[in-house]
Amino acid sequence: MRSERYIPYVLILPSVLFLLLLFAWPLVEALLLSVRGSGGGWTLENFQRMAADLYFRDALKYTLLLTVVIVPLQVVMALGMALLLGSISKGRDLFLYVWTIPLGISDLAAGIVWLAIFTERGYLNSFLQGIGVIQQPQLWLSYETPMMIFVAVVAAEVWRATAIVFVILVAGLQLIPKEYSEAAEVFGATPWQRFRKVTLPLLMPSLQVALILRTILALEVFAVVVVLGGRNLPVLAGEAYFWYNTYQNPGVAAAYAVIILGISVVATLLYLRLLRSRQDGVA
Amino acid sequence: MNLRLLYLLLAVVLVLWVLTPIFLITTLAFSDRASVFAWPKGFLPQQFSLETITFFFGVEGVWKAIRNSLVVAAMTLAFSILLGAPAGYALARYRFAGADSYRVLILLTRAFPLAILAIPLAVQFINLGIYDTPFGVALVHTALALPFAVLVTSSLFLGIPKELEEAAWTLGCNRIQAFLRVVLPLAIPGLAATAIFAFVISWNEVFAATLLTLRERTLPAFLLTSLNDSPLPFRFAGGFFLIVPALIFIFIIRRYLFTLWGIANR
Numbered sequence: 009m010r011s012e013r014y015i016p017y018v019l020i021l022p023s024v025l026f027l028l029l030l031f032a033w034p035l036v037e038a039l040l041l042s043v044r045g046s047g048g049g050w051t052l053e054n055f056q057r058m059a060a061d062l063y064f065r066d067a068l069k070y071t072l073l074l075t076v077v078i079v080p081l082q083v084v085m086a087l088g089m090a091l092l093l094g095s096i097s098k099g100r101d102l103f104l105y106v107w108t109i110p111l112g113i114s115d116l117a118a119g120i121v122w123l124a125i126f127t128e129r130g131y132l133n134s135f136l137q138g139i140g141v142i143q144q145p146q147l148w149l150s151y152e153t154p155m156m157i158f159v160a161v162v163a164a165e166v167w168r169a170t171a172i173v174f175v176i177l178v179a180g181l182q183l184i185p186k187e188y189s190e191a192a193e194v195f196g197a198t199p200w201q202r203f204r205k206v207t208l209p210l211l212m213p214s215l216q217v218a219l220i221l222r223t224i225l226a227l228e229v230f231a232v233v234v235v236l237g238g239r240n241l242p243v244l245a246g247e248a249y250f251w252y253n254t255y256q257n258p259g260v261a262a263a264y265a266v267i268i269l270g271i272s273v274v275a276t277l278l279y280l281r282l283l284r285s286r287q288d289g290v291a
Numbered sequence: 412m413n414l415r416l417l418y419l420l421l422a423v424v425l426v427l428w429v430l431t432p433i434f435l436i437t438t439l440a441f442s443d444r445a446s447v448f449a450w451p452k453g454f455l456p457q458q459f460s461l462e463t464i465t466f467f468f469g470v471e472g473v474w475k476a477i478r479n480s481l482v483v484a485a486m487t488l489a490f491s492i493l494l495g496a497p498a499g500y501a502l503a504r505y506r507f508a509g510a511d512s513y514r515v516l517i518l519l520t521r522a523f524p525l526a527i528l529a530i531p532l533a534v535q536f537i538n539l540g541i542y543d544t545p546f547g548v549a550l551v552h553t554a555l556a557l558p559f560a561v562l563v564t565s566s567l568f569l570g571i572p573k574e575l576e577e578a579a580w581t582l583g584c585n586r587i588q589a590f591l592r593v594v595l596p597l598a599i600p601g602l603a604a605t606a607i608f609a610f611v612i613s614w615n616e617v618f619a620a621t622l623l624t625l626r627e628r629t630l631p632a633f634l635l636t637s638l639n640d641s642p643l644p645f646r647f648a649g650g651f652f653l654i655v656p657a658l659i660f661i662f663i664i665r666r667y668l669f670t671l672w673g674i675a676n677r
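Residue numbers (my numbering), protein chains in the order written: chain A, 9 to 291; chain B, 412 to 677.
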């Protein structure tokens, strides 16, 4: 038996090496890239150039705004869907399948799908014309109407990525024993009380996971925005892409990447703290 | 009774919310050019035509991009299974010091924004000579798919009773034989689902693929970089073509969806 102790280590070793090579190494490289100047010395040049750029403030603003609008919308909608699924008996599997279809759809494809709706001669304008609101096609996705691009991005992201939250929450609900809710019912708790005092606290770990995952993904929103708005609605990941590809400046691109990582880490820690204390307070 | 009906109605509305946009893009992909630019548009397909789709596949570079996408996705699939399944097996079958730290490492990788990986790797891949190759893109996509592969295969192997394996040992199989003849056949469907999932992750990924390629574009990277100078029919057909394989794959692996995504809870 003793000779077998090394077996699990042999089995995980390849994946550990791979992950170190593809995560730890680039992380260090990205940090170095962002603080190294063209001459080779240490510098904050890249961050200064980033902050001075015309697009930086808007990119930061819109990325945060999108996250703040999209993530709560998705969590509330997914929670509603998960609870709704619990109260449906007929055709449950069919609903489950259709609702999770967007899991397989990429951000780029989702952007293109919603472009078909919001574009000048698209379905939204056709619909508005049909009900008599407008006569001529309206231009929604131009630099003059950033708010409309914003709305289109929110629609596309909610359409595409609510399913991830939904699946995590459904899996979490399945872990909660039915007896708790039944016991509460016996003691006269209303449906709202049962949800508020029993289901929600027990669902907190899943909610935490869903929030962290979705927030991190929302902070690096990219293809949807590029398809629907180009650079008229700048976002951080998009700027990283433009600085690398169009301006051929990896240093500033890395600075943008570091900013995204920084915000992601702060958001994650915030969730861990806030939701932990809530959970303890309830228990 | 009324409440029931309300729930059902809500559920149907959500079904329409998911399916309508897919229906619309499908309609556009199978319309002729004139219908794509028509104003105002009817919600139902006007006339069936392959003009848009044919035009899409006729554009130079599309077939090459599709081939690259398939190669990258196939490599990602192979790497994820080869690296992930042994680790999943170790987590399921052995108690060892460091197993928990390993799990944490796996979960941590999901907290990484892609930009922080793709930008330095693009720089390094140029030095290593694997920039602008399907192999380089596949490496990054494997990094995205591997955590899932490890966690899913681990729960998969946990579901196969250890007693079966032990019985095989007492009947004279060595460890490798027991694994190949007893465990593997039982694990094949789940492994296939994991593989398909890795394939979809790679097929859909656009940010890293765009940064890491120049001429050897994958389909999403090709579509994204040609967005500005391509006509609407081309974009719509491309969007439709991106969605189709993903839909089929999700349908095949739907039984495993919760093992794949719900896994984050455990």
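Even for Gly, the Cβ is constructed at its ideal location relative to N, Cα and C.
B:Leu550: CB within 6 Å of a non-hydrogen atom of the ligand ZN: The ligand ZN is not part of this structure, which contains no ligands at all.
9 Å Cβ cut-off: residues of chain B touching A:Glu37: For this step, residue 37 of chain A is matched to residue 29 along the first sequence. Chain B residues near A:Glu37: Ile530, Pro531, Leu532, Val534, Gln535.
Rounded C-alpha distance that separates A:Leu149 from A:Thr71: On the first sequence, residue 149 of chain A is found 141 positions in, with the first residue counted as 1. On the first sequence, residue 71 of chain A is found 63 positions in, with the first residue counted as 1. Distance between the alpha carbons of A:Leu149 and A:Thr71 is about 18 Å.
Check whether B:Phe507 and A:Pro22 have beta carbons under 7 Å apart: As a working note, residue 507 of chain B is residue 96 in the second sequence. As a working note, residue 22 of chain A is residue 14 in the first sequence. Result no, Cβ atoms of B:Phe507 and A:Pro22 do not sit closer than 7 Å.
Cutoff 7 Å: B:Pro456 Cβ touching any chain A Cβ: Reading the second sequence from its first residue, position 45 is the one you call residue 456 of chain B. It does not: the Cβ of B:Pro456 has no partner Cβ on chain A nearer than 7 Å.
Cβ neighbours of A:Leu73 in the same chain (closer than 8 Å, five flanking residues each side left out): Locating residue 73 of chain A in the first sequence gives position 65, where the first residue counts as 1. Once the five neighbours on either side are set aside, the close Cβ partners of A:Leu73 are Phe158.
For A:Arg13, the three-state DSSP class (helix, strand or coil): As a working note, residue 13 of chain A is residue 5 in the first sequence. Three-state result, A:Arg13: coil.
Spatial neighbours of A:Gln143 in its chain, beta-carbon cut-off 8 Å, leaving aside the 5 residues before and after: Walking along the first sequence from the start, residue 143 of chain A turns up at place 135. These residues qualify, in order along the chain: Gln137.
For B:Thr431 and B:Ile441, the rounded distance between their alpha carbons: Translated into positions along the second sequence, residue 441 of chain B becomes position 30. Translated into positions along the second sequence, residue 431 of chain B becomes position 20. According to the sequence as given, residue 441 of chain B is Phe; it is not Ile. Between B:Phe441 and B:Thr431, the C-alpha separation is close to 15 Å.
Stretch pair the segment 260–277 of chain A + the segment 514–529 of chain B: three plus CB contacts closer than 8 Å: yes
Where the alpha helix (DSSP H) through A:Ile184 begins and ends: On the first sequence, position 176 is the one that residue 184 of chain A refers to. Segment: none, A:Ile184 is in no alpha helix (DSSP H) and carries neither H nor E.
Min CB distance A:Leu149 to chain B below 7 Å: For the purposes of this step, residue 149 of chain A is taken as residue 141 along the first sequence, with counting starting at 1. Closer than 7 Å: no.
Coarse secondary structure for A:Asp288, derived from DSSP in three states: As a first step, residue 288 of chain A is located in the first sequence; it is residue number 280 there, counting from the start. Residue placement at A:Asp288 cannot be trusted, given a pLDDT of 48 that sits under 50; what the coordinates show is reported in the next sentence. If DSSP states are grouped into helix, strand and coil, A:Asp288 belongs with the helices.
Alpha-carbon to alpha-carbon, A:Val106 and A:Gly130: The residue given as residue 130 of chain A occupies position 122 in the first sequence. The residue given as residue 106 of chain A occupies position 98 in the first sequence. If you take the alpha carbons of A:Gly130 and A:Val106, they lie about 25 Å apart.
8 Å contact criterion, which A:Thr223 and A:Val79 should meet: CB distance rounded: The count along the first sequence starts at 1 and reaches residue 223 of chain A at position 215. The count along the first sequence starts at 1 and reaches residue 79 of chain A at position 71. Yes, they are in contact, since the Cβ atoms of A:Thr223 and A:Val79 sit about 5 Å apart, within 8 Å.
Alpha-carbon to alpha-carbon, A:Val166 and A:Pro213: The residue given as residue 213 of chain A occupies position 205 in the first sequence. The residue given as residue 166 of chain A occupies position 158 in the first sequence. The straight-line gap from Cα to Cα measures roughly 22 Å.
Residues sharing a beta bridge with A:Trp50, DSSP: Against the first sequence, residue 50 of chain A aligns to sequence position 42. DSSP, once it has assigned bridges, lists A:Arg44 as partnering A:Trp50.
B:Gly495 - containing alpha helix (DSSP H), residue span: Within the second sequence, numbered from 1, the residue matching residue 495 of chain B stands at position 84. Element bounds for B:Gly495: 473–504.
A:Met155, buried or exposed, once every other Cβ within 10 Å from all chains shown has been counted against 16: Residue 155 of chain A sits at position 147 when you count from the first residue of the first sequence. Exposed, since its Cβ has fewer than 16 Cβ neighbours within 10 Å.
Neighbour-count burial assignment, A:Asp115, 16 or more Cβ in a 10 Å radius: Looking up residue 115 of chain A in the first sequence gives position 107. Classification for A:Asp115: buried.
Same chain only: Cβ atoms within 7 Å of B:Ile607, ignoring 5 sequence neighbours per side: Taking the second sequence and counting its residues from 1, one reaches residue 607 of chain B at position 196. Counting only Cβ-Cβ distances below 7 Å, and skipping sequence neighbours, we find Phe660, Ile663, Ile664.
Counted within 10 angstroms of its Cβ, other Cβ atoms place A:Lys186 as buried (16 or more) or exposed: Here residue 186 of chain A corresponds to residue number 178 of the first sequence, with the count starting at 1. It counts as exposed.
Contact set between B:Tyr500 and chain A, taken where Cβ atoms lie within less than 8 Å: Here the question's residue 500 of chain B lines up with position 89 in the second sequence. Leu19, listed in chain order.
Status (buried if at least 16 other CB within 10 Å, exposed otherwise) for A:Leu210: Counting from 1 along the first sequence, the entry for residue 210 of chain A is found at position 202. Classification of A:Leu210: buried, given that the 10 Å Cβ count is 16 or more.
Closest by C-alpha distance to B:Gly649, when choosing among A:Ala117, A:Val260, A:Leu93, A:Val84: In the second sequence, counting from the first residue as 1, residue 649 of chain B sits at position 238. Cα-wise, what sits closest to B:Gly649 is A:Ala117.
Cβ of A:Gln216 within 7 Å of any chain B Cβ: In the first sequence, the residue the question calls residue 216 of chain A occupies position 208. It does not; no Cβ of chain B falls within 7 Å.
Cβ separation of B:Phe466 and B:Pro631, assumed to be a contact under 8 Å, to the nearest whole Å: Working through the second sequence from its first residue, we reach residue 466 of chain B at position 55. Working through the second sequence from its first residue, we reach residue 631 of chain B at position 220. So it is not a contact: roughly 19 Å between Cβ atoms.
The alpha helix (DSSP H) enclosing B:Tyr418, as first and last residue numbers: Taking the second sequence and counting its residues from 1, the one referred to as residue 418 of chain B is at position 7. Per DSSP, B:Tyr418 belongs to the alpha helix (DSSP H) from 413–440.
Continuous alpha helix (DSSP H) stretch holding B:Val617: start and end: Within the second sequence, residue 617 of chain B is the residue found at index 206, counting from 1. Unbroken run through B:Val617: none, as it is neither H nor E.
Proximity of B:Val473 and B:Pro545 at Cβ, strictly below 7 Å: Here residue 473 of chain B refers to the residue found at position 62 when the second sequence is read from its first residue. Here residue 545 of chain B refers to the residue found at position 134 when the second sequence is read from its first residue. The answer is no: Cβ separation not under 7 Å.
Near-chain B residues of the segment 46–80 of chain A - C-beta to any C-beta below 7 Å: none
Residue closest to A:Gly119, alpha-carbon to alpha-carbon, out of B:Pro656, B:Leu638, B:Phe669: Residue 119 of chain A sits at position 111 when you count from the first residue of the first sequence. Minimum Cα distance to A:Gly119 is reached at B:Leu638.
C-beta contact flag for B:Pro531 and A:Pro34 at 7 Å: Locating residue 531 of chain B in the second sequence gives position 120, counting from the first residue. Locating residue 34 of chain A in the first sequence gives position 26, counting from the first residue. Yes, Cβ-Cβ distance for B:Pro531 and A:Pro34 is below 7 Å.
Residue-level contact to chain B via CB, A:Glu228, 7 Å cutoff: Position 220 of the first sequence, counted from the start, is the residue given in the question as residue 228 of chain A. Judged by the 7 Å Cβ criterion, A:Glu228 is in contact with chain B.
Test item: CB-CB of B:Val611 and B:Ala657 under 7 Å: For the purposes of this step, residue 611 of chain B is taken as residue 200 along the second sequence, with counting starting at 1. For the purposes of this step, residue 657 of chain B is taken as residue 246 along the second sequence, with counting starting at 1. Against a cut-off of 7 Å, the Cβ pair of B:Ala657 and B:Val611 comes out as a contact.
Closest by C-alpha distance to B:Leu420, when choosing among A:Leu41, A:Ser134, A:Ala60, A:Phe103: Taking the second sequence and counting its residues from 1, the one referred to as residue 420 of chain B is at position 9. Ranking the options by Cα distance to B:Leu420, first place goes to A:Phe103.
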